[in-house]
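J.: Chains D and B, in that order, are what the protein sequence lines are.
Here the first sequence is numbered in the working numbering, starting from 1 and rising by one per residue.
Here the second sequence is numbered in the working numbering, starting from 1001 and rising by one per residue.
All C-beta atoms, glycine included, are put in the ideal place defined by N, C-alpha and C.
Please see the structure below; I have some questions.
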Amino acid sequence: GENVEQHPSTLSVQEGDSAVIKCTYSDSASNYFPWYKQELGKRPQLIIDIRSNVGEKKDQRIAVTLNKTAKHFSLHITETQPEDSAVYFCSHLADTPLVFGKGTRLSVIA
Amino acid sequence: DVKVTQSSRYLVKRTGEKVFLECVQDMDHENMFWYRQDPGLGLRLIYFSYDVKMKEKGDIPEGYSVSREKKERFSLILESASTNQTSMYLCASSWGQGEIDGYTFGSGTRLTVV
Chain D
1 GENVEQHPST LSVQEGDSAV IKCTYSDSAS NYFPWYKQEL GKRPQLIIDI
51 RSNVGEKKDQ RIAVTLNKTA KHFSLHITET QPEDSAVYFC SHLADTPLVF
101 GKGTRLSVIA
Chain B
1001 DVKVTQSSRY LVKRTGEKVF LECVQDMDHE NMFWYRQDPG LGLRLIYFSY
1051 DVKMKEKGDI PEGYSVSREK KERFSLILES ASTNQTSMYL CASSWGQGEI
1101 DGYTFGSGTR LTVV
């Protein structure tokens, strides 16, 4: 499937600061962009998603932005808390199953 | 609560053994997927199925096969296990193509081949 580049691979922030994870894709047919959070030893779980007809979506402290022209989308976490520490995966869907980024390990330091 | 259940949390197998990883979902999803997760490589698609008795190769199908005899069950088969197949295996399922609410994942099977 089409690749998706995810950056950074690791991210450390102080509690209360913001965290941003960025992804770039190449398939212009991509129309659905979910983000997954995987806590240590647990399954990946969907935390937020965005569709191609929307530029931004918020859910409490989490937001996702999408720039279809530039083919990139980002996850923003504000007021980070220790429980936000996890691996985050971006993904996108076109005509094939979900393609995932390589993940970002976020550490929130209390 | 919707569920994707993988039969084993941990498995240790010997090189050359035939290995079966089982996945069952109770959501009446049409689509089921097998991914492999390795540090630094993310989730890579092995095989997927959009219907009973249907299967499609993903990005890394070599050394694997699958079986979907019933809608709720999707099995991953390692025909002759090798040490480079030591990994975390994740099963997932979805409505439609997954564009409604993404995929639901199982808890994973950590396979070690010795």
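Starting from the beta carbon of residue 1008 of chain B, find every residue of chain D whose beta carbon is closer than 7 Å, and list them in chain order.
T.: Chain D residues near residue 1008 of chain B: none, gap ~14 Å exceeds 7 Å.
J.: For chain D, find out if any of its Cβ atoms is closer than 8 Å to the Cβ of residue 1033 of chain B; answer yes or no.
T.: Yes - at least one Cβ of chain D is within 8 Å of the one on residue 1033 of chain B.
J.: Determine, using beta carbons only, whether residue 1080 of chain B and residue 1111 of chain B come nearer to each other than 8 Å.
T.: No, they are not a contact pair.
J.: Taking Cβ-Cβ distances shorter than 8 Å, what residues in chain D pair up with residue 1041 of chain B?
T.: Per Cβ cutoff of 8 Å: 102.
J.: Rounded to the nearest angstrom, how far is the Cβ of residue 1077 of chain B from that of residue 1089 of chain B, given a contact under 8 Å?
T.: That pair is no contact at about 11 Å.
J.: Just to confirm my understanding: we take residue 1050 of chain B, look at its own chain, exclude 5 residues before and 5 after, and list those with CB closer than 8 Å. What are they?
T.: Hits under 8 Å: 1030, 1031 and 1056.
J.: Please name the residue, chosen from D/94, D/102 and D/105, that lies closest to residue 1100 of chain B on a Cα-to-Cα basis.
T.: Comparing Cα-Cα distances from residue 1100 of chain B to each of D/94, D/102 and D/105, the minimum goes to D/94.
J.: Assuming residue 91 of chain D contacts residue 13 of chain D (C-beta within less than 8 Å), just tell me the rounded distance between them.
T.: Contact doesn't hold; Cβ gap of about 23 Å is too wide.
J.: Taking 7 Å as the cut-off, is the C-beta of residue 9 of chain D nearer than that to any heavy atom in the ligand ZN?
T.: As far as ligands go, the structure on display features none, and thus does not contain the ligand ZN.
J.: For a quick check, are the C-beta atoms of residue 1021 of chain B and residue 1109 of chain B less than 8 Å apart?
T.: Contact flag set, yes.
J.: Classify residue 10 of chain D as buried or exposed, calling it buried when 16 or more other Cβ atoms lie within 10 Å of its own Cβ.
T.: It is exposed - the Cβ of residue 10 of chain D has fewer than 16 other Cβ atoms within 10 Å.
J.: Is there a Cβ of chain D sitting closer than 8 Å to that of residue 1021 of chain B, yes or no?
T.: Closer than 8 Å: no.
J.: Nearest chain D C-beta to residue 1025 of chain B closer than 8 Å, yes or no?
T.: For residue 1025 of chain B, the answer is no, since every Cβ of chain D falls outside 8 Å of its Cβ.
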